[in-house]
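Colleague: Mind looking over this structure? Questions follow.
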Amino acid sequence: MKQTTFKILTALIPFVAIADVSAQVKDIFRPLSDHSIHLHDYLSGHVQNSITHWNKGVVPYSGFVKTFKSGREYFAQGEMWGKAVRSGAMLYRYTQDPELKKMLASTVADLLSTVKANGSISASEIGKQPDGPGGDLWERKYVMLGLDEYYTYVKKDPAVLKAMIDQANVLVQQIGPAPKVRIVDQGWSPNHIESSTVLEPMMRLYKRTGDKRYLEFAKYIVEVEGGAKDYNIIQQALDNVAPHKMGGPYPKAYEMMSLFEGLVEYYRVTGNPKWKQAILNLYQNIRKNEITIIGNGGGDQPYHWAVYGEAWDNTALEQTNPKMSRMMETCVGVTWIKLCSQILRLTGDPSAADEIEKYVYNGLIGAMKPSGDGFSYVNLLNGVKTNTHGWGGKVDGVDVTCCNLNGPMGLAYIPYVAVMQEAKGPVVNLYNPGNLTAVTASGKKVALQIISNFPAKGLNFRIIRCCRRQLHHLLQQNLSLRILALTLISFCKLKIIQQEPRI
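Numbering (the working numbering), first residue to last: 12 to 514.
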C-alpha cells in the first residue's frame, strides 16, 4: 500500500444540457455522467428515503394527470405533474432504478393522452387559453420541464419531444406583443412574474431544436417585458436593487430565482455579458441580504406580510424578528440550490457550493418528514417546526403542496453537484462518502472512493484508489477540492491510498 500527500486546489461545479445548438458560453464545470456517483451514509439515506416513500411511494401520478383531463380545482394545480416527474427523472439519473423508470414512463404516457386539439397540454380549455388567473402559463412551464427532464435522463422518446414542441408552438402563437396577449398580463400575482418563468423551458427547447421562434420568444420576455408587469426585474438586478425591493409589492423569492434560471440559459446562448452581470448581482445580493443561518430565505415581517412569508424580506437581518410568523418556504430553498448550481456551472465560484452545503445539511433535511413522504411548507427558526399550511390540497387522498413536490428536487441535486467535472479533472464539492467515476484532463477515466465522517466529526477526508495506472493519471492532472467556507486554512492536504487489486 502506498500513500501520497499533495496540495489541493480550490474549485467547484456546473451542468451541461443535451443540446443541438452550440452555446456561445461554455460552462466551467459540468456534472458527472449519469449514474457515475453513488453516495453512502448520511445524505444517501435521506435521498433514498424520499425516493422510496415519495417518488415511488405516495405520489398520486394519475391524480395529477386528471387535472389536464377534467380541469383544475384551484389556480396553478397543473404544476403538480411536472414537479413530480422532474424530480423523479433527476433521481433516476442518479439511481437508474428500473421500478422508478417504469412508473415515470407510465405517467408520461398518461399525460400525453391529454394533448388538446391545438397541441397544448393545459388544465384550461382551448377557448379559455391563456388563462391568467388560473396559472395556465406557470402550469405549462412545469409540463415542459417535467417532459424535458424525462427526455434528457430517462428516455429519448420522440413522442415526448413532439409534445414539448407542440406545447412551445402554442405558447408562441398565444403570447407576445399585441395583438397577442402580453406575458406580463398573465398570472395570478400583482406583477405576474410567475408567467415569465416559462423562459427556462423555452430556452432549453431552443437549444435542443434550434427553432429561432423560441429564441425570439425568450428575447421578448427578457428584453421587452423584463420579467414582470410594471417592473423590469432584470434591470433592477443590473442596478443592484436589494431583492426585497425588486418587483414592487411582490418580490416573490421562488419565482424570481426561477426567472433567473431561465436568464442563465438565455445568457449561455446569447453570450451578452449584461445578462451574466444581472445574474451574478442577484446571486450576491441574495447571499448577502437574504440567506439565514440554515441556508434559506424569505419571510413575512416586516415588509411583505401579504405574501405569506414567501417574499424576500431582508431575511439575513430579519431572521430574528420576533414578529415573524412565516418564513423560509421550502420551494425557495430548493430553487436557491438550483440557482447556485447554475452559478457553479457558469463560474466555478466555490461560494455557490458553500451555499448549497449550508442549505442541504440544515434547511433541506430539516424540512423533510422523517417518514420521507413530504416536506414542511414554511420553516420558522423559533416556533412550530413543521408547517403544512399554504398552497395545495388533497389529490387522491394525498396532501400535496408545492413544497412537498419541490423538496425531492432539492435532494436530487445533491448527487448532481456533489462531485463535478472541469477540463482539468474532477471537482469535489460535498464531502459525503461515496464512489464515483470521473475523467482526467487527458480523457482517462478514474474511479474514486471518498471516505469522510463529515459533518459529524469535522473533515477527515480520504480518497481510496485501486489502480496504479489511475493514480498516475490523477497525480499528473488535477483533483480540485472545495475549501470549506468556515475553515481558516488556505489549503488542505489530501491523503491518497493506493490499494493494489486483489488477485
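Ideal Cβ placement from N, Cα and C applies to all residues, glycine included.
This structure is a prediction, so every number in the text was calculated from the model and none was measured.
Is the stretch 296-305 touching the stretch 227-242 in the sense that three or more CB pairs, one from each, lie closer than 8 angstroms?
Modeller: Result no; under three Cβ-Cβ pairs closer than 8 angstroms.
Colleague: Which same chain residues, not among the five before or five after leucine 210, have their C-beta less than 6 angstroms away from its C-beta?
Modeller: What you label residue 210 is simply residue 199 of the sequence shown in a count that begins at 1. Answer for leucine 210: Ala229, Ile232 and Gly273, listed in chain order.
Colleague: Would you decide whether aspartate 196 is buried or exposed? Buried here means 16 or more other CB atoms lie within 10 Å of its CB.
Modeller: Position 185 of the sequence shown holds residue 196. When all chains shown are included, aspartate 196 counts as exposed.
Colleague: Just to confirm, are glycine 359 and isoleucine 39 a CB contact at a threshold of 9 angstroms?
Modeller: Position 348 of the sequence shown, counted from the first residue, corresponds to residue 359. Position 28 of the sequence shown, counted from the first residue, corresponds to residue 39. Contact: yes.
Colleague: Determine the extent of the beta strand (DSSP E) in which valine 345 is found, giving its start and end residues.
Modeller: As a working mapping, residue 345 is identified with position 334 in the sequence shown. No beta strand (DSSP E) contains valine 345, which is instead part of the alpha helix (DSSP H) from 341-358.
Colleague: Is serine 33 helix, strand or coil when you go by DSSP?
Modeller: Residue numbering aside, residue 33 sits at position 22 when the sequence shown is read from its first letter. Three-state DSSP puts serine 33 in coil, outside helix and strand.
Colleague: Which one or two residues does DSSP pair with lysine 455 in a beta bridge?
Modeller: Within the sequence shown, numbered from 1, the residue matching residue 455 stands at position 444. Beta-bridge pairing links lysine 455 to no other residue.
Colleague: What's the call for valine 70, buried or exposed, on a 16-neighbour Cβ count within 10 Å?
Modeller: Here residue 70 refers to the residue found at position 59 of the sequence shown. Answer is buried; the Cβ neighbour count reaches 16.
Colleague: Indicate the three-state DSSP secondary structure (helix, strand or coil) for glycine 310 in the structure shown.
Modeller: Within the sequence shown, numbered from 1, the residue matching residue 310 stands at position 299. In this structure, glycine 310 counts as strand in the three-state DSSP scheme.
Colleague: Considering only DSSP beta bridges, list what lysine 263 is partnered with.
Modeller: To locate residue 263, count along the sequence shown from 1; it is residue 252. Its beta-bridge partners are Ala322.
Colleague: Excluding the five sequence neighbours on either side, which residues of its own chain have a C-beta within less than 7 angstroms of the C-beta of alanine 170, listed in chain order?
Modeller: Residue mapping note: residue 170 aligns to position 159 of the sequence shown, counting from 1. If we look at alanine 170 and ignore the five residues flanking it on each side, its Cβ neighbours are Leu123.
Colleague: In this structure, how does DSSP classify phenylalanine 79 when only helix, strand and coil are distinguished?
Modeller: By 1-based counting over the sequence shown, the position of residue 79 is 68. If DSSP states are grouped into helix, strand and coil, phenylalanine 79 belongs with the helices.
Colleague: Taking the DSSP output, what are the residues bridged to glutamate 433?
Modeller: Walking along the sequence shown from the start, residue 433 turns up at place 422. Partner(s): Gly436.
Colleague: Give me the Cα-Cα distance between leucine 249 and lysine 94, rounded to the nearest whole angstrom.
Modeller: Locating residue 249 in the sequence shown gives position 238, counting from the first residue. Locating residue 94 in the sequence shown gives position 83, counting from the first residue. Approximately 30 angstroms between the Cα atoms of the pair.
Colleague: In chain order, what residues of the same chain have a beta carbon less than 6 angstroms from the beta carbon of glycine 320, not counting five sequence neighbours either side?
Modeller: The residue labelled residue 320 in the question sits at position 309 within the sequence shown. Only Gly310, Asp311, Arg337, Met338 and Val389 meet the Cβ criterion.
Colleague: Considering only residues of the same chain and omitting the five flanking positions on each side of valine 235, which have a CB-CB separation below 8 angstroms?
Modeller: Residue mapping note: residue 235 aligns to position 224 of the sequence shown, counting from 1. The answer, listed in chain order, is Pro188.
Colleague: Alpha carbon to alpha carbon, what distance is there between valine 165 and isoleucine 147?
Modeller: Position 136 of the sequence shown holds residue 147. Position 154 of the sequence shown holds residue 165. The displayed chain sequence assigns aspartate, not isoleucine, to residue 147. Each residue's Cα considered, the two are about 26 angstroms apart.
Colleague: For valine 406, which three-state DSSP category applies?
Modeller: As a working note, residue 406 is residue 395 in the sequence shown. Strand.
Colleague: Does glutamate 160 pass the burial test, meaning 16 or more other C-beta atoms within 10 Å, or should it be called exposed?
Modeller: Position 149 of the sequence shown holds residue 160. Classification of glutamate 160: buried, given that the 10 Å Cβ count is 16 or more.
Colleague: Between methionine 420 and proline 426, what straight-line distance do the alpha-carbon atoms span, to the nearest angstrom?
Modeller: Translated into positions along the sequence shown, residue 420 becomes position 409. Translated into positions along the sequence shown, residue 426 becomes position 415. Each residue's Cα considered, the two are about 11 angstroms apart.
Colleague: Does the separation of the CB atoms of tyrosine 261 and serine 200 fall below 9 angstroms?
Modeller: By 1-based counting over the sequence shown, the position of residue 261 is 250. By 1-based counting over the sequence shown, the position of residue 200 is 189. In this structure, serine 200 lies closer than 9 angstroms to tyrosine 261 by Cβ.
Colleague: For alanine 449, which beta-bridge partners are listed by DSSP?
Modeller: In the sequence shown, residue 449 corresponds to position 438, counting from 1. Alanine 449 pairs with Val457.
Colleague: Whole angstroms are fine: how far does the CA of threonine 163 sit from the CA of alanine 449?
Modeller: Along the sequence shown, read from residue 1 onward, the residue named residue 449 stands at position 438. Along the sequence shown, read from residue 1 onward, the residue named residue 163 stands at position 152. Distance between the alpha carbons of alanine 449 and threonine 163 is about 20 angstroms.
Colleague: Tell me which residues share the same chain as glycine 383 and place their Cβ nearer than 7 angstroms to its Cβ, disregarding the 5 neighbours each side in the sequence.
Modeller: Taking the sequence shown and counting its residues from 1, one reaches residue 383 at position 372. Closer than 7 angstroms at the Cβ level, and outside the excluded window around glycine 383, lie Asn60, Ser61, Thr63, His64 and Trp65.
Colleague: Are the CB atoms of isoleucine 186 and proline 141 within a distance shorter than 9 angstroms?
Modeller: One-based indexing of the sequence shown puts residue 141 at position 130. One-based indexing of the sequence shown puts residue 186 at position 175. It is a contact, given that the beta carbons lie within the stated cut-off.
Colleague: Span of the alpha helix (DSSP H) holding cysteine 494?
Modeller: Here residue 494 refers to the residue found at position 483 of the sequence shown. Note that residue 494 is isoleucine in the sequence shown here, rather than cysteine. Per DSSP, isoleucine 494 belongs to no alpha helix (DSSP H) and is neither H nor E.
Colleague: Can you grab the Cα-Cα spacing for the pair serine 33 / valine 275, in whole Å?
Modeller: Along the sequence shown, read from residue 1 onward, the residue named residue 33 stands at position 22. Along the sequence shown, read from residue 1 onward, the residue named residue 275 stands at position 264. Computed Cα separation, rounded: 15 angstroms.
Colleague: Of all the alpha helix (DSSP H) runs that stay within the bounds of the stretch 200-255, which reach a length of 4 or more residues?
Modeller: Runs of the alpha helix (DSSP H) inside the stretch 200-255: 204-207, 210-220, 223-230 and 244-249.
Colleague: In three-state terms, what does DSSP make of proline 4?
Modeller: One cannot answer for residue 4 here, as it falls past the ends of the chain, which runs 12 to 514.
Colleague: What separation, rounded to the nearest whole angstrom, lies between the Cα atoms of serine 362 and alanine 496?
Modeller: Within the sequence shown, residue 362 is the residue found at index 351, counting from 1. Within the sequence shown, residue 496 is the residue found at index 485, counting from 1. Cα to Cα, serine 362 sits roughly 8 angstroms from alanine 496.
Colleague: In this structure, does DSSP put alanine 28 in helix, strand or coil?
Modeller: Counting from one through the sequence shown, the residue named residue 28 turns up at place 17. Confidence at alanine 28 is low in this model, with a pLDDT of 38, below 50, so its placement is unreliable and the value that follows should be read with caution. Reduced to three states, the DSSP call for alanine 28 is coil.
Colleague: Assuming contact is defined by CB atoms lying nearer than 9 angstroms, are tryptophan 149 and glycine 99 in contact in what I supplied?
Modeller: Walking along the sequence shown from the start, residue 149 turns up at place 138. Walking along the sequence shown from the start, residue 99 turns up at place 88. Cβ atoms of tryptophan 149 and glycine 99: not closer than 9 angstroms.
Colleague: What residue range does the alpha helix (DSSP H) around isoleucine 290 cover?
Modeller: The residue you call residue 290 lines up with position 279 of the sequence shown. Isoleucine 290 -> alpha helix (DSSP H) spans 284-300.
Colleague: On a Cα-Cα basis, can you pick out the residue from Tyr278, Ala467 and Tyr442 that is closest to alanine 364?
Modeller: Position 353 of the sequence shown holds residue 364. Measuring from the Cα of alanine 364, the nearest candidate turns out to be Tyr442.
Colleague: Could you give the DSSP three-state label for methionine 257: helix, strand or coil?
Modeller: Here residue 257 is taken as the residue at index 246 of the sequence shown, counted from 1. Correct three-state label for methionine 257: coil.
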